[in-house]
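The listed protein sequences derive, respectively, from chains L and V.
Heads up: the first sequence begins at 1 in my numbering, then just goes up one per residue.
Heads up: the second sequence begins at 1 in my numbering, then just goes up one per residue.
Where is the CB? At the ideal position from N, CA and C, for every residue including glycine.
Every value quoted in this text rests on a predicted model; they were computed, and no experiment measured them.
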Amino acid sequence: MTPVTRESRQAAHESEADATRAAPVAPRRRRRFTKDNIVKAMFIVPAAIYIVLFFGYPVVKNLLMSLQEYTTKTFFTGEAPFVGIENYLTVVDSNLFWPSMTNTALFTIGSIAGQFTIGLALAVFFKRRFPLSGFLRAMLLLPWLLPLIVASATWRSIMDKDSGILNQFLTGVGLDAVPWLTSPSVALTAVIIVNIWIGIPFNLTILYGGLQDIPGELYEAGALDGATGWKAFWHITVPNLRPVVSVVLVLGVVYTLKVLDIILGMTNGGPANATQTLAIRSYQESFVNFEFGVGAAFSNILIVISLVFAVIYLRANRRAVDE
Amino acid sequence: MRHRRYLTVLAAAAVVPIALSGCSGGSSGSSGDPDTLTILDYYNNEPDKTLVQETLDTCAADLGVTIDRESVPGKDLIQKVLQRSSSKTLPDVLMLDNPDVQEIAATGGLSPLSNYDVDTEGFADGIIEAATYEGELYGLAPAVNTLGLFYNVDLLEEAGIDPPETWAELKDAAAALTDGDQYGIAFSAIATYEGAWQFLPFMWTNGGDETDLDTPEVQEALQLWVDLVDDGSASNSVLNWSQADVKDQFAAGKAAMMVNGPWQIPALNETDINWDSVQVPVNEVGQTPVAPLGGEVWTVPETGDRDKQAKAAEFVECISSDDNQLALAESRYLVPTRTALSEEFVEKMPEMKSFTEQVANARSRTGKLGEDWPEAATVIYNAIQLAITGKAPVDEAFSQASEG
């Protein structure tokens, strides 16, 4: 995102300069101006069409769908009567709406907090050079490479109450077995733990990159003034990392809000609806109950929440560029 | 300058296909060739894929048509059908899981078999009920399945226990067979339609009814499941187990009994487990075990091509001919749907005896509620989850679950 803004602004400056330079020769200026514009437009048109087709259409369609009674019949007859905000009322009225809102919030906050803290700690750790650090860092990327549905199936067997390796380890060291996926009070924590595991590589990679950009002289100068260890971390690393942190956090929130595969694969929203989130509700209403209108309403609520964070992201980003 | 102009044209030319490709969706529905029938089913795994292909090939030869078959994963079938409905490219012959027939028939996408001269005599009542929507029959099933109680013969003999016939015996047997990391019984109480389907034999056998779930009969059945989990005879992982997981537990010797269907038999025969099966136990002596009817129905979609639809109807009739019923039932461990074939079938396949008996009294899931069945199924599996996790007492689970 950053380079795009910078470049487009630069391009704007250049075309202004062009225009002033060409000003004295009026007819020529005019011709060049339009031709330039056509060529420029040509470069924009494919992207514009792409966005309209693959982003604009689904979003508008989804919005319309949430205002229609859209069921299995619709596919055959093409009839989907408009029902106004009825689907949204169904959503808000349902007993699972507030629990799924709360679960979405807990899942997102818990995942981000865990991913970020551990990712940052690992990034700082790997900043020092030591043997095998490159290899270890590569190993830590593995969760990122794994298809989510594979990861969730694997974790489901790891967290199985009776034969799962996790409980065998716990009982082996003298602790009690934990009903990871069978107790409504633990299941949400279990899926958060797995989502943290999956999110660490992303946080680690981006934060590690950010750390590389902090000039070493700052630490040398800081050390002369007595800032080492935690002091150096708080007064040199944290402030210099801030632009990267805002990017990581906001992108993390937007990714986590819509997580579906992990929960679907591990608990399918159960036990006893303990892991229902907005994304899961949207999926189940649409593709299990075939209430496409209600499903669309759920996902639109999710989109609005994501948009709030996307706006924060864009503003933070702009500030980062201005700095 | 000239080059520029070419560039402009080129760029424009490059854009057009991108725009067009967004609109045209590649699709292969009812093909133009009058002697080719397109077929859509969900037997995309072996050995089922090949076994069903044999029957389809037989019928294609009988009717003198060629077939163009597509098999998609089970969970994608309905989405595929809906997509094809909207692009008017439905296949000539469509296989549907029996609880989905009424839902799809209600969309107007299927053609009733009464439009064609199809022989529908002698089929088990349950399967006719499942394929009937508003008085019209929409499909035929060559073979069906249902649920029963599998048991590990060696473990039961060792413990000196007879296969249970009542719930009380089931509880005692399950408790006696629970030892260390071996549970007495395994079943699926997962938060999907699969969980609801496994609960039905207990609910129906006890006189429970999906049109009114808040009755003592239904609650007693739920109490049985809760008791089995609470006293440790069943793992509370049943909350997450699909029927395939249940089979794995049984096959690994970690469960002495399990509720499951005959489609697991091929997999069980590959293990060392010495298994047998009985009908689902009843609450009180004298009750008739009633299990849900599973299996797939072959239908004729509305494609607009009258002649082809007539040919497709003949094809559907052929799939359910006596010979094909027996062949499919034998190779895929199912039960023929023409009740007159039962005796001959059990003689050939004695291990299918309990399931064949069970099918005679089996009920379809959509028989009473039709298109409203999925909603009831959701209430059922949610109530099961609430009760087993202890989030709601058994007598409140169904009312709580039905509030959504």
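Assigned secondary structure, residue i (DSSP; H/G/I helix, E/B strand, else coil)
i	result
V/ASP179	strand
V/CYS23	The predicted model places V/CYS23 with a pLDDT of 40, which falls under 50 and marks its position as unreliable; any figure quoted below should be read in that light. Correct three-state label for V/CYS23: coil.
V/LEU94	strand
V/ALA186	strand
L/PRO179	coil
V/VAL334	Residue identity differs from the one stated: residue 334 of chain V is Leu in this sequence, not Val. DSSP places V/LEU334 in coil when its eight states are reduced to three.
V/GLY294	strand
V/MET352	helix
V/TRP275	strand
V/VAL144	strand
V/GLU136	strand
L/GLN276	coil
V/ASN260	strand
V/LEU110	strand
V/ALA252	coil
L/THR228	coil
V/THR303	coil
L/GLN290	Strictly speaking, residue 290 of chain L in this sequence is Phe, with Gln absent from that position. Coil at L/PHE290, not helix or strand.
V/PHE123	strand
Contacting residues, own chain, Cβ-Cβ under 6 Å from residue i (five flanking each side not counted)
i	result
L/TYR70	ALA80, PHE292 and GLY293
L/THR74	ALA80
V/SER235	TYR183
L/GLY269	THR275, GLN276 and ILE280
L/ALA272	PRO184
V/ALA60	ILE67
L/SER306	VAL254 and LEU257
Beta carbon proximity, residue i to chain L, threshold 8 Å
i	result
V/SER86	yes
V/ILE273	no
V/GLY108	yes
V/ASP214	no
V/ASN382	yes
V/LYS311	no
V/GLN223	no
V/THR178	no
V/LEU37	no
V/LYS80	no
Short CB-CB distance (under 8 Å) between residue i and chain V
i	result
L/ALA272	yes
L/THR189	no
L/ASP36	no
L/THR182	yes
L/THR267	yes
L/ASN203	no
L/PRO215	no
L/PRO243	no
L/PRO99	no
L/ASN103	no
Own chain partners of residue i with C-beta closer than 7 Å, once the 5 adjacent residues on each side are dropped
i	result
L/TYR219	ALA232 and ILE236
L/ASN37	none
L/THR182	LYS161 and PRO271
Run of the beta strand (DSSP E) containing residue i, from where it starts to where it stops
i	result
V/GLY152	With the sequence shown as reference, residue 152 of chain V is identified as Asn, and Gly is not the correct amino acid for it. Run containing V/ASN152: 148 to 152, per the beta strand (DSSP E) assignment.
V/THR288	Looking at the DSSP string, V/THR288 is not in any beta strand (DSSP E), and its letter there is neither H nor E.
Same chain only: Cβ atoms within 8 Å of residue i, ignoring 5 sequence neighbours per side
i	result
L/LEU260	ALA279, ILE280 and TYR283
L/MET101	LEU278
V/GLY195	SER188, ALA189, ILE380, TYR381, ILE384 and GLN385
L/ALA223	ALA232
Start-to-end residues for the alpha helix (DSSP H) that takes in residue i
i	result
L/THR256	238 to 257
V/LEU37	From DSSP, V/LEU37 is part of no alpha helix (DSSP H) but of the beta strand (DSSP E) over 36 to 41.
V/GLU194	193 to 205
V/GLU375	373 to 388
L/ILE192	187 to 212
V/SER71	From DSSP, V/SER71 is part of no alpha helix (DSSP H) but of the beta strand (DSSP E) over 66 to 71.
L/LEU218	216 to 224
L/GLN68	From DSSP, L/GLN68 is part of no alpha helix (DSSP H); its letter is neither H nor E.
L/TYR88	86 to 93
V/ARG228	Here the sequence assigns Leu to residue 228 of chain V, which means Arg is not the residue at that position. Unbroken alpha helix (DSSP H) run through V/LEU228: 216 to 230.
Min CB distance residue i to chain B below 8 Å
i	result
V/SER235	The displayed structure is made up of protein chains L and V, and chain B is not among them.
> How about the region 267 to 285 of chain L and the region 56 to 65 of chain L: do they share at least three Cβ pairs that are nearer than 8 Å?
Replying inline: Inter-segment contact for the region 267 to 285 of chain L and the region 56 to 65 of chain L is absent: fewer than three beta-carbon pairs are separated by less than 8 Å.
> Taking one C-beta from the region 197 to 213 of chain V and one from the region 151 to 158 of chain V each time, how about it: are there three or more such pairs within less than 8 Å?
Replying inline: The region 197 to 213 of chain V is not in contact with the region 151 to 158 of chain V.
> Any contact of the region 357 to 366 of chain V with the region 291 to 299 of chain V, i.e. 3+ C-beta pairs under 8 Å?
Replying inline: By the Cβ criterion, the region 357 to 366 of chain V is in contact with the region 291 to 299 of chain V, since at least three pairs of Cβ atoms, one from each stretch, lie closer than 8 Å.
>> Three or more C-beta pairs under 8 Å: does that hold for the region 253 to 268 of chain L against the region 41 to 55 of chain L?
In response: In short, these stretches do not touch, since the Cβ pair count stays below three.
>> Within 8 Å, do at least three Cβ pairs link the region 181 to 198 of chain V to the region 229 to 244 of chain V?
In response: Touching, per the Cβ criterion.
> Do three or more CB pairs link the region 248 to 264 of chain V to the region 137 to 152 of chain V at distances below 8 Å?
Replying inline: Contact between the region 248 to 264 of chain V and the region 137 to 152 of chain V is present: three or more C-beta pairs spanning the two stretches fall below 8 Å.
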